[in-house]
Every structure is written in C-alpha cells, then in structure tokens.
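S.K.: Got a structure for you, written out below as structure tokens; questions coming shortly.
Number of protein chains: 2
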Amino acid sequence: MDVVTLSPRDDGLAVLLVPSVAGARERWSLPWDGPRDDERLEEAGTRVARALLGATPTLVEQVGAASDGRRHPGGAELSVGVLALSPLDNEAPASGSGAAWFPLDALPALAPRHRDMVDRAAIAVRQRLDHSPIAFRLLPATFTLSELQRIYELLLGRRLHKASFRRALQGSFLVEPTDAWRSEGRGRPAQLFRFAPKKRRRASRSVRFDLSSE
Amino acid sequence: MDVVTLSPRDDGLAVLLVPSVAGARERWSLPWDGPRDDERLEEAGTRVARALLGATPTLVEQVGAASDGRRHPGGAELSVGVLALSPLDNEAPASGSGAAWFPLDALPALAPRHRDMVDRAAIAVRQRLDHSPIAFRLLPATFTLSELQRIYELLLGRRLHKASFRRALQGSFLVEPTDAWRSEGRGRPAQLFRFAPKKRRRASRSVRFDLSSE
DNA sequence: TGACATTGGTGTCGTTCGGCTACTAATTCG
DNA sequence: CGAATTAGTAGCCGAACGACACCAATGTCA
C-alpha cells in the first residue's frame, strides 16, 4: 500500500513524502507498507499516515491498484493506492521521521508507480468532492464560510462566487452555525460553522451528461 | 483479480458467474485470475471477461481492493475488483464455460469477498454514470433514444421524463443520429443514434453539495 | 376502411436554479 | 472621522428543468 497523504498548504494541495531508503534512485518516496494480520486496507493506510502525522487522518480511501512493470521502491509486485486527508490545523509531520510536505505542483522525482499514485489521488479528490465530505476533512472542526470556499476553490481550480456558493450551501443543510466568531485582523469578524449534515430527503435531480470532464 | 461482469437483462443488471471449483462452500463464484507477466490489471480483467463472453467487454475499470480476512474461493490474500461491462446485444456466455447470468437482486450465495465486490461494482456503475460513458457501453453501437433512456432509468432506479431527458442529451452533444430507423411492431419507428461525443468546452457549472447520496 | 392503441418526438409554460451586481455590516488602520 | 478590508445579503435576470399537452407514424382490430 502506497499512502498519499494530502493537506492544503498555501493555495494548493501538498503531499507527505518520506526520504527513500539508501540506494534508491529517487531521494523521496511515498510512505508505504504491507497490511499486517487481517488488517483491512484502509486500516493499514490509517496506521501508516498516523505514524507520520502524529494524528489520525480525517478520511482514508482507496484510489486504485497498479501491478504493471513500473518500478516500485520496495520492489512490491502489486501496489494499492490509499488516499489520506489531513486538515489544515495539523501543521508539521512528526519529528524524527524526516517526512516533509511538497506542493503537488512542485514534486521531487518519484518512482514511476508512486508518481502515478499521486496523480490518481489528486484526481480522486477532485472527482469525489461533490459526493464525499472531502472539503470538510481538510478543515478544522469549526471554520468560516470563507475558509470553506477557499478549499473548494483550491480543489476545483477556479474561483467561485460568494453569494452563489453560500446559497447552494444553505440549501444543502450540511453546516450549522456555532455561536463563536473569529476576527482575523482587519475586516468584519466571521461566524464559525461546523460540519453537521442533516439527513434530508433530496428530490432527485435531473440527469447530467458530463462526460466532457474526462 | 475478481471480475464483475455486468450487463442489462430484463429491467435490471445481471452479473456473470462461473461454477465454483469442487469442494467450495458456495456453488457459484466470480471469475478470477492473477495477472500474468507484466499485464496491467485492466488488461488481465479484459482477458478474463473476454474468455467468458466471447467478445471484448466494452469498458473495464477497477472498483477497489480488499485484503481483509474474508474468505476468497481461491484463497487469495488480496483481491482487486475489476468491473467489466457487456452490451445488451451480447447474449449468451461462451458455451462450455458453465458461466451464467444472475440478476443483481437475485444472486446465489457467494464467498463474502465476492459478494462485497459485486456490491462495490454496482455502486461504482451508478456513481460514474454521469462522468463515464457507462450507459453507452451497455448498448449496441446504434440504439434508439428510448433504449438509452431505459438504461439510465435502470441504473438510476427511477423514471425520467422523456422530454427533459432528450433536451439534456441534446445539449450534451454526446450522440448523433444515423439515417436508419427501427420499427418494433407497434408504434412509430424510432430513429437510431450512435455514441459520438463532440469535444465541447463546457462552462464550469456550479458546485453541488450532494452528500445525501451517500 | 376507419377508430383506437401504442410508441416516438416536440412546443411551451411556469418554476427553480445559478451567475452577477450591488448593496449593507463590522472591524482595523491612519 | 473616513478609507480600506473582509463578511454577509437582496434581488435581478437568463438558463435550466419538470410537467403537460400535443403532433406523428405505425400496428391492431372491428
């Protein structure tokens, strides 16, 4: 299992890499390990990510397997990619591990299969944004709506309109306001919200033919 | 690799199963095999499905891996689920294989991991309907718009409105009419269409907060 | 032969949804 | 105080969507 840990870092996503074992061609690699005992794959991914983060990742999902001939640093025949998310407030990787964050658009050289796994994870994050609470897993427990919007913009790669974003969010019953406010220097203080999805029966919307996103 | 081959059969999806090896607890199982040489996983899945169908499946995708302690008929430690689609016009499985179609809602007993893979594949088919040309892969090369709509209704599990469906399809530039018509006994003959997606730059639509579909 | 059933296909109307502009609110800075 | 900055809202307008009604072309059957 190759674990792709993602977290938002200054206007983009960053991935957690560890130094390669001595003798490897590339200097950095994804953290990886095999499952132990009867561990489920997601459990094993959680274990690997937690050891480096010092905290449990907020979401763990599979992103695909690869068994082609491309080189893997551990010589593994088959790799299963596991995506782990870490929220904004979890700053530094555990000391001593040598692990470090790298922006997705400025990665060091990686083994081909690892490079592929990172790309798959980045695509999966964007694709599942509408159906998984991905954005909320990249934020602390309470957050401002502007912060939430910035996460969406970061993942979608485009600007969103404030009023439209909030209207859609309002209609989804996914967040609820707390009675806390945060003032960040200049400007009006923002109300803090928490992720609290209400089980609401949605009217089934129409079919979308969105193949162009491929 | 456990291969979940799906095809539309009388108002529902059916999955292709093979008789279990002698001594297994369940009588039926998913076809499965390990990758050969440097075969990619999808290539291996294609090979397995083709051997049973007598034709190449029209779409092959991964749907997830499992390595928990649940029983697998071949005793494999790790399984990768592979989804294969077969169109409506491909009727019977290759003779001699003993393979047979079973409706998704009336499956025989399966090994726990296989049962899980089938469920994952069914979920994946529905989830990717909007972003992959799933529906078109379940139809012959030419088809009527009513047939296409029936596939969507079958996969979504709800009725769609004819006029709205066609208007949305029109706007998507995914199909083009042929000059052939098909008359099926009663009623007005229907024009045949073919899948021919035009590369059209779509304006980015708004964010959807659709977590309730989980 | 003509009424009817059946299936294919379209026009249109009212409602909702989404993008946008413009506004108000509350704070810091000078 | 006023300007700058960030948060949050009101409302207009065009596009999209659901529903209904209607027209078209075939088979069935009296």
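Chains as they are written, first to last, in my numbering: chain L, 1 to 214; chain V, 1001 to 1214. Even for Gly, the Cβ is constructed at its ideal location relative to N, Cα and C. No experiment lies behind these values; they were computed from the predicted model shown.
Determine the direct distance from the alpha carbon of A1106(V) to that of R1115(V), and round the result to whole angstroms.
M.R.: Their backbone Cα atoms lie some 12 Å apart in a straight line.
S.K.: Beta-carbon of A1122(V) versus every beta-carbon of chain L: anything under 8 Å?
M.R.: Closer than 8 Å: no.
S.K.: The alpha helix (DSSP H) that contains P112(L), what's its start and end?
M.R.: Unbroken alpha helix (DSSP H) run through P112(L): 112-127.
S.K.: Compute the Euclidean distance between the alpha carbons of D1179(V) and Q1191(V), then round it to the nearest angstrom.
M.R.: Taking the straight line from one Cα to the other gives about 7 Å.
S.K.: Anything in chain V within Cβ reach of P197(L), meaning under 7 Å, just list it in chain order.
M.R.: What P197(L) touches in chain V: L1211.
S.K.: What separation, rounded to the nearest whole angstrom, lies between the Cα atoms of F193(L) and A124(L)?
M.R.: If you take the alpha carbons of F193(L) and A124(L), they lie about 26 Å apart.
S.K.: Does DSSP classify F209(L) as helix, strand or coil?
M.R.: The answer is coil: DSSP assigns F209(L) none of H, G, I, E or B.
S.K.: Relative to the ligand HEM, is the shortest distance from any of its heavy atoms to the C-beta of D119(L) smaller than 7 Å?
M.R.: The ligand HEM is not part of this structure, which contains no ligands at all.
S.K.: With DSSP as the reference, label A44(L) as helix, strand or coil.
M.R.: Of the three classes helix, strand and coil, the one that applies to A44(L) here is helix, per DSSP.
S.K.: How would you label H1161(V), buried or exposed, when you count the other beta carbons within 10 angstroms and need 16 or more for buried?
M.R.: When all chains shown are included, H1161(V) counts as exposed.
S.K.: For L1155(V), which residues in the same chain have their Cβ closer than 6 Å to its Cβ, ignoring the five residues on either side in sequence?
M.R.: Excluding positions up to five away in sequence, the list reads R1126, L1129.
S.K.: Which chain V residues sit within Cβ distance under 8 Å of G74(L)?
M.R.: In chain order: nothing, as chain V lies at least about 15 Å away.
S.K.: Of the residues S1086(V), A1092(V), G1064(V), P1093(V), which one's Cα is nearest the Cα of S1079(V)?
M.R.: Checking every option, the nearest Cα to that of S1079(V) belongs to G1064(V).
S.K.: Would you verify that the beta carbon of V80(L) is, or is not, closer than 8 Å to some beta carbon of chain V?
M.R.: Yes, V80(L) lies at the interface with chain V (some Cβ there is under 8 Å from its Cβ).
S.K.: Hey, is S1146(V)'s beta-carbon within less than 8 Å of any beta-carbon in chain L?
M.R.: Answer no: the Cβ-Cβ gap between S1146(V) and chain L never drops below 8 Å.
S.K.: For L1017(V), which three-state DSSP category applies?
M.R.: Looking at L1017(V) - three-state DSSP - the assignment turns out to be strand.
S.K.: Can you list, in chain order, the residues of its chain whose CB lies under 8 Å from that of G1012(V), leaving out five sequence neighbours each side?
M.R.: Within the same chain, G1012(V) has close Cβ partners P1103, L1104, D1105, L1154.
S.K.: Under 8 Å between C-beta atoms, does V1207(V) make it to chain L?
M.R.: With 8 Å as the cut-off, V1207(V) counts as an interface residue toward chain L.
S.K.: Does the region 1029-1037 of chain V come into contact with the region 1072-1087 of chain V, if we say contact requires no fewer than three beta-carbon pairs (one atom in each stretch) closer than 8 Å?
M.R.: The region 1029-1037 of chain V is in contact with the region 1072-1087 of chain V.
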